[in-house]
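Let me begin by presenting the structure, written as structure tokens, before commenting on it.
There are 2 protein chains.
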Amino acid sequence: MTAPRPDSELGTGTAAVRPVERTRDADRTRAEILAVATAEFADRGYAGARVNEIADKLSTTKRMIYYYFGGKEQLYVAVLEQAYGRIRALEQQVDVEHLEPVAALRELAGLTFDHHEAHPEFIRLVSIENIHRAEHLAGSPALAGLAAPAVDVLSAILQRGRADGLFRDDVDALDVHQVISAFCVFRTANRHTFRAIFDRDMLDPATRAHQRRLLGDLVVAHLTTR
Amino acid sequence: MTAPRPDSELGTGTAAVRPVERTRDADRTRAEILAVATAEFADRGYAGARVNEIADKLSTTKRMIYYYFGGKEQLYVAVLEQAYGRIRALEQQVDVEHLEPVAALRELAGLTFDHHEAHPEFIRLVSIENIHRAEHLAGSPALAGLAAPAVDVLSAILQRGRADGLFRDDVDALDVHQVISAFCVFRTANRHTFRAIFDRDMLDPATRAHQRRLLGDLVVAHLTTR
DNA sequence: TCTCGTATGTACCAGACGGTGAGTTACGGA
DNA sequence: TCCGTAACTCACCGTCTGGTACATACGAGA
Numbered sequence: 001m002t003a004p005r006p007d008s009e010l011g012t013g014t015a016a017v018r019p020v021e022r023t024r025d026a027d028r029t030r031a032e033i034l035a036v037a038t039a040e041f042a043d044r045g046y047a048g049a050r051v052n053e054i055a056d057k058l059s060t061t062k063r064m065i066y067y068y069f070g071g072k073e074q075l076y077v078a079v080l081e082q083a084y085g086r087i088r089a090l091e092q093q094v095d096v097e098h099l100e101p102v103a104a105l106r107e108l109a110g111l112t113f114d115h116h117e118a119h120p121e122f123i124r125l126v127s128i129e130n131i132h133r134a135e136h137l138a139g140s141p142a143l144a145g146l147a148a149p150a151v152d153v154l155s156a157i158l159q160r161g162r163a164d165g166l167f168r169d170d171v172d173a174l175d176v177h178q179v180i181s182a183f184c185v186f187r188t189a190n191r192h193t194f195r196a197i198f199d200r201d202m203l204d205p206a207t208r209a210h211q212r213r214l215l216g217d218l219v220v221a222h223l224t225t226r
Numbered sequence: 227m228t229a230p231r232p233d234s235e236l237g238t239g240t241a242a243v244r245p246v247e248r249t250r251d252a253d254r255t256r257a258e259i260l261a262v263a264t265a266e267f268a269d270r271g272y273a274g275a276r277v278n279e280i281a282d283k284l285s286t287t288k289r290m291i292y293y294y295f296g297g298k299e300q301l302y303v304a305v306l307e308q309a310y311g312r313i314r315a316l317e318q319q320v321d322v323e324h325l326e327p328v329a330a331l332r333e334l335a336g337l338t339f340d341h342h343e344a345h346p347e348f349i350r351l352v353s354i355e356n357i358h359r360a361e362h363l364a365g366s367p368a369l370a371g372l373a374a375p376a377v378d379v380l381s382a383i384l385q386r387g388r389a390d391g392l393f394r395d396d397v398d399a400l401d402v403h404q405v406i407s408a409f410c411v412f413r414t415a416n417r418h419t420f421r422a423i424f425d426r427d428m429l430d431p432a433t434r435a436h437q438r439r440l441l442g443d444l445v446v447a448h449l450t451t452r
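From first to last, the protein sequence lines are chains A and B.
1 is the number of the first residue of the first sequence in the numbering used here; add one for each residue after it.
227 is the number of the first residue of the second sequence in the numbering used here; add one for each residue after it.
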């Protein structure tokens with residue numbers, strides 16, 4: 001799994017003398033730029049983010065952004081790729097194989113729920129990228145293997161559930177994943193307009209348990225109804 | 227209220243001589259600016275849209291944008307308000323009262339599905355506004371009465387369904403609306419990243435019927451499962 | 001200790017950007 | 001027919017923006 005912290009090991013082979021504080025450190029500088037840029041792009045969108053603003057929040061200078069990334073757009077792409085890479089690493093931890101189908105399904109939905117709630121910044125980046133029609137993400141290596149984990153686990157659960165005669169068979173794993181994603185993403189991505197219109201904060205901790213159960217009930221009922 | 231169509235009647239009392247083509251027409255100019263701005267903001271987001279670009283696509287000049295709206299931000303707010311106003315008008319047409327609860331529920335979900343699919347530009351504006359944390363929409367009069375129709379109709383259906391012993395009673399109308407909205411909005415708003423990752427175009431006409439049925443099954447199963 | 005490439009800082013630029021000052025013309029009422 | 005105002009045109013402005021030329025300091029290897 002990718003270590004989330006900038007100061008992680010960068011195995012150059014020798015795990016020997018690691019200077020605690022170097023005045024010059026390409027990796028640290030790069031990581032710092034990425035971290036600040038991620039926050040800034042997630043906060044204001046691609047067009048709304050300012051290279052100067054990112055630079056001001058850096059311990060280094062704007063020049064370094066261009067030195068390491070080449071330009072605003074390439075920096076944005078790097079931010080996206082890092083974000084997707086981290087998410088993939090996290091998603092692979094799911095282990096619900098040992099549960100019986102209905103419980104496994106509910107558990108998977110719940111974990112996805114938790115996962116999305118824990119990464120609102122990522123959801124914002126995804127929304128922003130959708131505004132741009134995913135043109136920066138198209139053909140990115142960061143997507144490789146991103147689809148597999150979520151859908152594979154789900155496929156296995158559905159297969160077992162169908163074998164036991166518990167689940168309907170005209171809904172495929174991707175359909176179910178779409179429903180779960182829709183619910184989880186919507187809660188975060190559309191939080192503000194939903195709140196403005198319906199006066200409900202979908203992320204209000206007080207209703208979290210209810211929302212989580214709602215999602216579980218939803219997918220379980222859907223699959224167990226003929 | 228401002229007439230939505232540029233060439234509509236402008237009831238000056240006398241319905242008499244209506245100049246078919248005036249060289250100067252405040253309402254037409256305003257409407258044209260709004261239309262072009264709507265397309266531009268929906269396409270590129272608030273920060274990404276350019277006042278000059280909007281002006282170039284106008285038969286009038288940039289100066290008129292400032293004359294009628296005051297500035298970029300006010301223009302954006304006007305675009306949002308008009309868009310929400312139009313959506314409200316459309317939503318009030320739903321009539322499913324005469325159907326039995328399960329059929330009514332499925333019909334309402336289907337109509338919402340159709341409705342969202344028919345207005346991708348609106349969904350984009352909503353996504354954009356969420357990126358900005360709905361700050362432009364906060365306290366806007368355009369929201370007044372927007373929540374009522376959707377939820378009221380749903381409430382009535384649920385109430386009838388519960389009275390008939392068909393529906394569970396621990397899921398409220400807003401929960402159901404949230405689920406329906408999540409599904410419908412997600413399909414459009416996250417179309418591009420979903421496609422990039424899972425290679426499924428959620429708006430592909432070939433799978434439209436399946437998706438529409440999926441949503442109906444989802445909410446019906448959820449409410450009819452104890 | 002020297003050397004050379006990588007990493008960094010400073011100062012600056014050209015063009016795009018949102019916005020405006022000031023004058024001009026069409027229109028509708030008297 | 002004339003006049004006052006709403007609607008409109010044109011040229012312009014100051015600032016911000018992404019991006020860069022150039023000088024320089026560090027530090028690993030010889």
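Think of the CB as a built atom: it goes at the ideal place given N, C-alpha and C, for glycine as much as any other residue.
The beta carbon of T451/B falls within 9 Å of a beta carbon belonging to chain A, placing the residue at that interface. Counting C-beta pairs with one atom in each stretch, the segment 168 to 182 of chain A and the segment 374 to 393 of chain B have fewer than three that are closer than 8 Å, which means they do not touch. By the criterion of a C-beta distance shorter than 6 Å, D201/A is surrounded in its chain by R195, once the five residues flanking it on both sides are discounted. Inter-residue distance for I54/A and I87/A is about 23 Å (C-alpha atoms, whole angstroms). A direct Cα-to-Cα measurement between Q93/A and E100/A gives close to 18 Å. Rounded to the nearest whole angstrom, the C-alpha separation of L334/B and L380/B is 8 Å.
With respect to chain B, the C-beta atom of T193/A has a partner C-beta closer than 9 Å. With fewer than 16 other Cβ atoms from the protein chains shown falling within 10 Å of its own Cβ, H98/A counts as exposed. Contact annotation: the segment 282 to 293 of chain B does not touch the segment 363 to 378 of chain B, with fewer than three C-beta pairs closer than 8 Å. Separation of the CB atoms of T419/B and L137/A is rounded to 6 Å, and the pair is thereby assigned contact status at 8 Å.
For a cut-off of 8 Å, the C-beta gap from L351/B to V445/B is around 26 Å, too long to register as a contact.
With fewer than 16 neighbouring CB atoms inside 10 Å of its own CB, N52/A falls in the exposed class.
Along the segment 157 to 188 of chain A, the positions whose C-beta sits under 8 Å from a C-beta of chain B are V171, L174, D175, H177, Q178, V179, S181, A182, F183, V185, F186 and R187, read in chain order. With the rule of 3 Cβ pairs closer than 8 Å, the segment 290 to 306 of chain B counts as touching the segment 257 to 266 of chain B. By alpha-carbon distance to A148/A, the top candidate from R394/B, E355/B and F424/B is F424/B. At a cut-off of 9 Å between C-beta atoms, R256/B does not count as an interface residue with respect to chain A. For a Cβ distance threshold of 9 Å, residue set G45, Y46, A47, G48, I131 and H132 of chain A lies close to G274/B, ordered along the chain. If you draw a straight line from the Cα of N356/B to the Cα of I65/A, it comes to about 28 Å. Excluding the 5 residues flanking it on each side, F409/B has same chain C-beta neighbours closer than 6 Å at L441, in chain order. Minimum Cα-Cα distance from P431/B among the listed residues G274/B, A329/B, Q308/B and D340/B corresponds to D340/B. Straight across, the Cα-Cα distance linking P120/A with A42/A is about 9 Å. Residue-level contact check: S127/A touches chain B, since one or more beta carbons of chain B fall below 9 Å from its beta carbon. Our two residues, A447/B and T249/B, have alpha carbons roughly 59 Å apart in a direct line.
Nearest neighbour of D27/A by Cα position, chosen from R50/A, Y67/A and Y46/A, turns out to be Y67/A.
Rounded to whole angstroms, the separation of the alpha carbons of L337/B and T414/B is 15 Å. Following the DSSP letters along the chain, one finds D152/A inside the alpha helix (DSSP H) bounded by residues A147 to A163.
F186/A and T433/B have their C-alpha atoms some 22 Å from each other. If you draw a straight line from the Cα of D152/A to the Cα of A89/A, it comes to about 15 Å. With its beta carbon at least 9 Å from every one in chain A, V379/B lies outside the interface.
Residues of chain B with a Cβ closer than 9 Å to the Cβ of L137/A are, in chain order, H418, T419, A422 and I423. A382/B sits away from F348/B, with the two beta carbons spaced by 9 Å or more. Of the residues assessed, R256/B falls on the buried side of the cut-off, its CB having 16 or more other CB atoms within 10 angstroms.
Ranked by Cα distance from D170/A, the options A49/A, V79/A, V102/A and L223/A are led by L223/A. At least one C-beta of chain A is nearer than 9 Å to the C-beta of D443/B. For the pair D443/B and T225/A, the CB atoms are nearer than the 9 Å cut-off.
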